[in-house]
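Counting in the UniProt record's numbering, the sequence shown tops out at residue 43, every number present.
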Amino acid sequence: MTDKLIASIEAESAVIGALIIDNDKFDEIATLLRSDDFLCLSS
1 MTDKLIASIE AESAVIGALI IDNDKFDEIA TLLRSDDFLC LSS
């Protein structure tokens with residue numbers, strides 16, 4: 001079994017973009033997402 005990286009840069013960008021447009025939703029979204037939900041390729 002290979003470890004396959006599951007990520008959607010488009011979905012991550014959409015969430016961040018939506019919060020830039022309407023940051024009043026930040027508190028609501030923050031309860032749903034964690035930093036682990038986003039791909040981080042830096043070491």
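Just so you know, even glycine gets a beta-carbon here, dropped at the ideal spot from N, CA and C.
Residue i - containing alpha helix (DSSP H), residue span
| i | result |
| --- | --- |
| residue 20 | 9–21 |
| residue 27 | 26–30 |
Residue i in three-state terms, based on DSSP
| i | result |
| --- | --- |
| residue 35 | helix |
Nearest-angstrom Cα separation, counted from residue j out to residue i
| i | j | result |
| --- | --- | --- |
| residue 25 | residue 40 | 23 Å |
| residue 36 | residue 21 | 23 Å |
| residue 8 | residue 38 | 9 Å |
| residue 12 | residue 27 | 17 Å |
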